[in-house]
Amino acid sequence: MHEMSLAVAVVDQVETAARSRGAIGVSSIELEVGELAGVVADALAFCFELACAGTVVEGAELITRTVPGTARCTPCAEVWPVGMPPCLLCPGCGAAADGLVSGRELQIREVRWADPEASREEAHQPITEES
Amino acid sequence: MCRAVDLQRAVLAKNEAAAQILRTELTARGTTVVNLLSSPGSGKTALLERELRLAAERGVSAAALTADLATENDARRLARSGVPVKQVLTDGLCHLEADMVARHLHDWLPESTRLLFVENVGNLVCPAGYDLGESLRVVLASVTEGEDKPLKYPSAFGLAQLVIVTKTDMAEAAEFDETAFRTHVEQVNPGVEVVLSSVRDGRGAGTLLDRALATAEGNRVHTPVMARAGA
């Protein structure tokens with residue numbers, strides 16, 4: 001059950017971003033979770049509640065968007081949904097896919113700050129990487 | 001009124017950065033890391049014990065870090081090979097992370113180590129997502145576990161650079177269907193090498209060591225389709 005580690009990582013990163021902006025609250029966090037990322041959304045939601053207790057993130061809504069797994073075969077110019085369990089062989093020619101187009105995402109997509117004071121900065125501004 | 005910020009930050013960015021730093025540091029000093037994953041009871045420790053003993057016989061400088069939730073039993077078994085061994089107790093955590101590995105190597109790993117084998121916690125789910133700074137990821141499955149194991153744990157098998165089938169001396173009794181197993185591996189990880197091993201009858205002895213040495217020498221390692229993102 002590594003969802004607890006993931007939840008803690010999400011909270012840490014959002015806390016860091018909140019600190020650098022002086023935000024005092026988080027309204028919601030949107031996560032992109034690929035079908036092949038090996039993450040159980042319900043377990044992550046449960047752990048998130050525990051991980052954000054007592055932090056600036058407490059009370060934030062966790063929105064999880066599942067990204068389907070797709071793979072590409074360049075010679076066939078084909079992109080197909082790999083399904084679960086995934087099939088990474090091209091349905092056209094049977095050769096190995098060149099790679100995944102999507103499906104392994106595990107990414108914090110968007111954060112909505114609850115505090116209007118912290119929102120003066122432009123959205124989409126890159127956030128300084130820390131630790 | 002609330003405002004959105006596009007964070008676009010990988011949840012595991014911290015682990016990935018730590019793994020990359022560890023890989024760079026260890027590679028620079030001539031140490032190659034091999035990460036071993038399997039279910040509990042697939043035979044990681046038995047396989048490793050054999051390969052470490054062979055390494056010692058061949059004069060290859062090897063070491064092993066072995067992780068469990070509790071007990072130092074595996075470290076005691078591996079230490080019989082004569083190579084430096086360290087036990088990591090995860091206190092209930094189901095997987096290793098790169099900074100845990102780095103912490104344990106500090107002040108312990110002999111400078112001359114050519115191969116460092118990391119025996120992950122027995123688990124095919126959680127460890128799959130964590131890069132430990134390895135240059136070779138090996139996934140084991142024993143013949144008693146069923147031919148569909150690669151389909152049930154697609155991330156673990158899909159990201160493997162070498163698959164080892166263990167306990168093949170029991171294949172007949174377990175009615176293990178090798179062809180079906182290979183077909184399932186190919187479905188989630190086309191092109192990955194599958195080797196057969198039995199510690200009891202000596203099958204495949206030295207293969208893991210050979211592949212680890214080839215990796216250390218800079219030979220090309222299989223890149224799984226699943227690891228080739230954004231094609």
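From first to last, the protein sequence lines stand for chains A and B.
Sequential numbering of the first sequence, starting at 1, is according to the UniProt record's numbering.
Sequential numbering of the second sequence, starting at 1, is according to the UniProt record's numbering.
Glycine is no exception: its CB is placed at the ideal position from the N, C-alpha and C atoms.
Values in this document were obtained by computation on a predicted structure and should not be read as measured data.
Residues in its own chain within less than 8 Å of residue i by CB, not counting five upstream and five downstream?
{"i": "residue 89 (chain A)", "result": "95, 96 and 97"}
{"i": "residue 203 (chain B)", "result": "168, 169, 196 and 197"}
{"i": "residue 132 (chain B)", "result": "19, 22, 33, 35, 96, 97, 98, 101, 118 and 120"}
{"i": "residue 55 (chain A)", "result": "11 and 15"}
{"i": "residue 101 (chain A)", "result": "70, 71, 72 and 79"}
{"i": "residue 50 (chain A)", "result": "4 and 7"}
Does residue i come within less than 8 Å of chain B when only Cβ atoms are used?
{"i": "residue 108 (chain A)", "result": "yes"}
{"i": "residue 98 (chain A)", "result": "yes"}
{"i": "residue 41 (chain A)", "result": "no"}
{"i": "residue 93 (chain A)", "result": "no"}
{"i": "residue 104 (chain A)", "result": "yes"}
{"i": "residue 62 (chain A)", "result": "no"}
{"i": "residue 87 (chain A)", "result": "yes"}
{"i": "residue 56 (chain A)", "result": "no"}
{"i": "residue 11 (chain A)", "result": "no"}
{"i": "residue 22 (chain A)", "result": "no"}
{"i": "residue 6 (chain A)", "result": "yes"}
{"i": "residue 36 (chain A)", "result": "yes"}
{"i": "residue 45 (chain A)", "result": "no"}
Counting along the chain, where does the alpha helix (DSSP H) carrying residue i start and finish?
{"i": "residue 107 (chain A)", "result": "Unbroken run through residue 107 (chain A) is the beta strand (DSSP E), 106-113; no alpha helix (DSSP H)."}
{"i": "residue 10 (chain A)", "result": "3-21"}
{"i": "residue 49 (chain A)", "result": "41-51"}
Taking 6 Å as the limit between beta carbons, can you name the residues of its chain near residue i, skipping five residues before and five after?
{"i": "residue 65 (chain A)", "result": "32"}
{"i": "residue 68 (chain A)", "result": "35 and 81"}
{"i": "residue 215 (chain B)", "result": "32, 135, 136 and 221"}
Skipping 5 residues on each side, what residues in its chain have a beta carbon closer than 7 Å to that of residue i?
{"i": "residue 1 (chain B)", "result": "The pLDDT assigned to residue 1 (chain B) is 42, lower than 50, so where the model puts this residue is not dependable; a value taken from the coordinates is nonetheless given after this. Result list for residue 1 (chain B): empty, nothing under 7 Å."}
{"i": "residue 111 (chain A)", "result": "14, 17, 26 and 29"}
{"i": "residue 70 (chain B)", "result": "89"}
Compare the C-beta of residue i against all C-beta atoms of chain A and say whether one is closer than 8 Å.
{"i": "residue 100 (chain B)", "result": "no"}
{"i": "residue 110 (chain B)", "result": "no"}
{"i": "residue 12 (chain B)", "result": "yes"}
{"i": "residue 40 (chain B)", "result": "no"}
{"i": "residue 33 (chain B)", "result": "no"}
{"i": "residue 161 (chain B)", "result": "no"}
Going by the DSSP bridge assignment, what does residue i pair with across the sheet?
{"i": "residue 118 (chain B)", "result": "B:35 and B:65"}
{"i": "residue 26 (chain A)", "result": "A:113"}
{"i": "residue 66 (chain A)", "result": "A:33"}
{"i": "residue 61 (chain A)", "result": "A:28"}
{"i": "residue 9 (chain B)", "result": "A:108"}
{"i": "residue 96 (chain A)", "result": "A:89"}
{"i": "residue 229 (chain B)", "result": "A:100"}
Looking at the secondary structure, which residues open and close the beta strand (DSSP E) in which residue i lies?
{"i": "residue 156 (chain A)", "result": "Since the displayed chain A opens at 1 and closes at 131, residue 156 (chain A) lies outside it and no answer follows."}
{"i": "residue 100 (chain A)", "result": "99-102"}
{"i": "residue 81 (chain A)", "result": "78-81"}
Which runs of the alpha helix (DSSP H) fall wholly inside the region 77-115 of chain B and span at least 4 residues, in chain order? 98-105
What residue ranges within the region 21-46 of chain B form continuous beta strand (DSSP E) runs of no fewer than 3 residues, ordered along the chain? 32-37
If we require 3 or more residues per run, which beta strand (DSSP E) segments fall completely within the region 133-216 of chain B? 136-142, 162-166 and 194-196
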